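Residue numbers (the working numbering): 1306 to 1594. All residues carry an ideal CB built from backbone N, CA and C; glycine is no exception. Since the structure is predicted, the reported quantities are computational estimates derived from the model, not experimental observations. See below for the structure under consideration.
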Amino acid sequence: MDTALAAPPLRERPLGTTFGAELSGLRIAGDIGEAEFAGFLAAFHRHRLILLRDVPNDPAAQVAFSRRMGPLELHSQATATHPQHPEIFCVGNYAQDGIRANFAKGVEQWHADSSFRPVPSAASLFYGAICPPEGGETWFLDAAAAHAELSPEMRARIAPLRAVHDLNTLSEWNRRHTPDRPPLSEEARRRFPPVAQPLVRTHPVTGVKSLFLCPAVISHVEGMDQAEGLALIEALMAHASQDRYVYRHRWRAGDLVIWDNRCTLHTASLFDHERYLRLMFRTTVAGAA
């Protein structure tokens, strides 16, 4: 082997207290070698969240790199996808150049992407194309560490439980906070009927258990009174959202954050949408059945 042609080792810098790392020395465009990509995947599974800085704005490269991780989902809201790359879901208040990004004025709840699908997504890749100078942060939560540090009694109690995730429940939650949003279409309701998911997931690669909590998407917990089930979700969220489990990412243009939806949750902070523009590109790797 010609070592002069070997990719340099990736450098890691911790981000959160229990998870997350910034990687240096990784590019996403071009012919990425198998060893280099395997090094990235190992870091991804080890840290659950990866930050790459100063990534060129290249939607085609983002799609190609994302596809190396697995098949990509097409977002349920097709009107907000990239005009040249339907695999990219556009987020923010940007409405130019054929892009009409998805924008919600209300506060967002903690969630994992695509939890309402029968097989939730494996990973999301979120790129900052235009980032406001203040606000618009993304907050990430280590659902694996939060589960590990529950009491043994609580872990035993929730291990067999399943919660029902419903896209219409999410749509109505969003409409309460952004009243001008239209109701979920009948076609979308047919495509994405309610689905039961475990409250505790086991990662298919690492075997680590984590909490699967999406309060704005969950309609109820199976086998429990609705109020009792939602109170349980609220109590688990109060534990999981402690500062020690949370990393708050302040965006700058060119950031690419890649997170594991199978063991993290995320949410967003508000920004002054009348003063600033925000445009983010998200690709989503489908989960495996």
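Our two residues, Arg1318 and Ser1329, have alpha carbons roughly 8 angstroms apart in a direct line. Check the Cα spacing between Glu1492 and each of Leu1504, Leu1472, Leu1535 and Asp1447: the tightest is with Leu1472. When DSSP states are grouped into helix, strand and coil, Leu1584 belongs to the strand group. Distance between Met1585 and Ser1574, taken at the CA atoms: about 14 angstroms.
Restricting attention to Ala1453, Val1510 and Ala1501, the CA atom closest to the CA of Ala1347 is found in Val1510. In the displayed model, Thr1474 falls within a helix according to three-state DSSP. Check the Cα spacing between Val1513 and each of Arg1549, Asp1447, Cys1519 and Asp1560: the tightest is with Asp1447. For Thr1569, the beta-bridge partners assigned by DSSP are Asp1447. Excluding its 5 nearest sequence neighbours in each direction, Phe1370 has C-beta neighbours in its own chain below 6 angstroms: Ile1333, listed in chain order.
In the three-state DSSP reduction, His1482 falls in the helix class (H, G or I). A contact is defined here as three or more CB-CB pairs under 8 angstroms, and the region 1436 to 1454 fails this definition with respect to the region 1370 to 1385. Annotated three-state conformation of Arg1549 is helix, per DSSP.
Taking a C-beta distance under 8 angstroms as the contact criterion, Ala1406 and Gly1397 qualify as a contact pair.
Contact between Asp1560 and Leu1356 is confirmed by a C-beta separation of about 7 angstroms, below the 8 angstroms threshold. The C-beta distance from Ile1435 to Arg1587 rounds to 14 angstroms, too long to fall under 8 angstroms, and the pair is not in contact. The C-beta distance from Cys1568 to Arg1353 rounds to 5 angstroms, short enough to fall under 8 angstroms.
A check of alpha carbon separations from Val1526 across Gly1335, Ala1501, His1544 and Arg1480 identifies Ala1501 as the nearest.
Taking one beta carbon from each stretch, the region 1549 to 1564 and the region 1319 to 1327 have 3 or more pairs nearer than 8 angstroms; the two touch.
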